[in-house]
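Here the structure comes first, spelled out in structure tokens, and everything after it is commentary.
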Amino acid sequence: MDIFPGWEGYLPRLEKNWRALVEPEDTVVLNGDISWAMSLSAAREDFAFLESLPGTKILMKGNHDYWWATMSRMNRFLAENGFDTLHFLHNNTWVAGGYALCGSRGWFFDDPSEFSEKIIARECGRLRTSIAEAEKTGLPKIVFLHYPPVAGERECGPIMDVLRESGITRCYYGHLHGNSISHAFEGERDGISFHLISADALHFTPQLIEKY
Numbered sequence: 181m182d183i184f185p186g187w188e189g190y191l192p193r194l195e196k197n198w199r200a201l202v203e204p205e206d207t208v209v210l211n212g213d214i215s216w217a218m219s220l221s222a223a224r225e226d227f228a229f230l231e232s233l234p235g236t237k238i239l240m241k242g243n244h245d246y247w248w249a250t251m252s253r254m255n256r257f258l259a260e261n262g263f264d265t266l267h268f269l270h271n272n273t274w275v276a277g278g279y280a281l282c283g284s285r286g287w288f289f290d291d292p293s294e295f296s297e298k299i300i301a302r303e304c305g306r307l308r309t310s311i312a313e314a315e316k317t318g319l320p321k322i323v324f325l326h327y328p329p330v331a332g333e334r335e336c337g338p339i340m341d342v343l344r345e346s347g348i349t350r351c352y353y354g355h356l357h358g359n360s361i362s363h364a365f366e367g368e369r370d371g372i373s374f375h376l377i378s379a380d381a382l383h384f385t386p387q388l389i390e391k392y
């Protein structure tokens, strides 16, 4: 990512800020675009870096995570490499600090391609599955997405419908970087509080979501 403006020397900055703020008992959600690698084996070095950092790490899929595979393959990869603090949020939920964490990748709300409707329907299904798993815990839910469900006055209607129907009140998303950060929607809409948590938007500093 160093080739992009504002990302020069980001990795040492991220590690320094992470180690200053995150304790071993903390949980950190990384909501997509984890590695440029094209396969799990090629992503090993990036996973090892994350494993070396304190805390339990919950990984989600972004649009650049081409290494992403089936849950069984990814979990086997973690086990084989001793990545004990890394876990995946995909069609499931993760409990941390009295909250049920759920979410999905999402999709572009303005994708004009012929496949857009099918992809959004699939992502809505995954989000519903994750939320349903979260509801089984009886805990308050927090949703994480990679793609923003809202931007300005525009929104991804199907994704927003799932959030509204499920009674979600907090949603964190990424994907927007550089100049796009200024177009992010942050605040409340339809009773849902939205927050952008892409790395450069946070100046490579983990954001506290809930203290427990």
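Residues 181 to 392 in this note's numbering are what the sequence shown spells out, letter by letter.
For glycine and all other residues, C-beta sits at the position ideal for the given N, C-alpha and C.
query: Nonlocal neighbours in the same chain, by C-beta distance under 8 Å from Ser373, ignoring five residues either side; result: Thr349, Arg350, Cys351, Gly367
query: Straight-line Cα distance separating Gly358 from Leu269; result: 26 Å
query: Proximity of Ile311 and Cys282 at Cβ, strictly below 7 Å; result: yes
query: Rounded separation between Met340 and Ala381 - CA only; result: 23 Å
query: Every unbroken beta strand (DSSP E) inside the region 303-347 [3 residues or more]; result: 321-325
query: Top-ranked residue by Cα proximity to Arg344, from Leu233, Pro329, Asn243; result: Pro329
query: Same chain, Cβ closer than 8 Å to Leu210, five either side skipped, listed in chain order; result: Leu230, Lys237, Ile238, Leu239, Met240
query: Cβ distance (whole Å) where Trp287 is taken to contact Tyr327 below 8 Å; result: 6 Å
query: Boundaries (first-last residue) of the alpha helix (DSSP H) holding Ala259; result: 251-260
query: Secondary structure of Arg285, DSSP reduced to three states; result: coil
query: Inter-residue spacing [alpha-carbon to alpha-carbon] between Ile183 and His383; result: 16 Å
query: Buried or exposed by the 16-neighbour rule on C-beta atoms within 10 Å, applied to Ser252; result: exposed
query: Enclosing alpha helix (DSSP H) for Trp248 [first to last residue]; result: Taken as a continuous stretch (DSSP letters only), Trp248 belongs to no alpha helix (DSSP H), as it is neither H nor E.
query: For Glu294 and Tyr392, the rounded distance between their alpha carbons; result: 45 Å
query: Pairwise C-alpha distance: Val208 and Gly277; result: 11 Å
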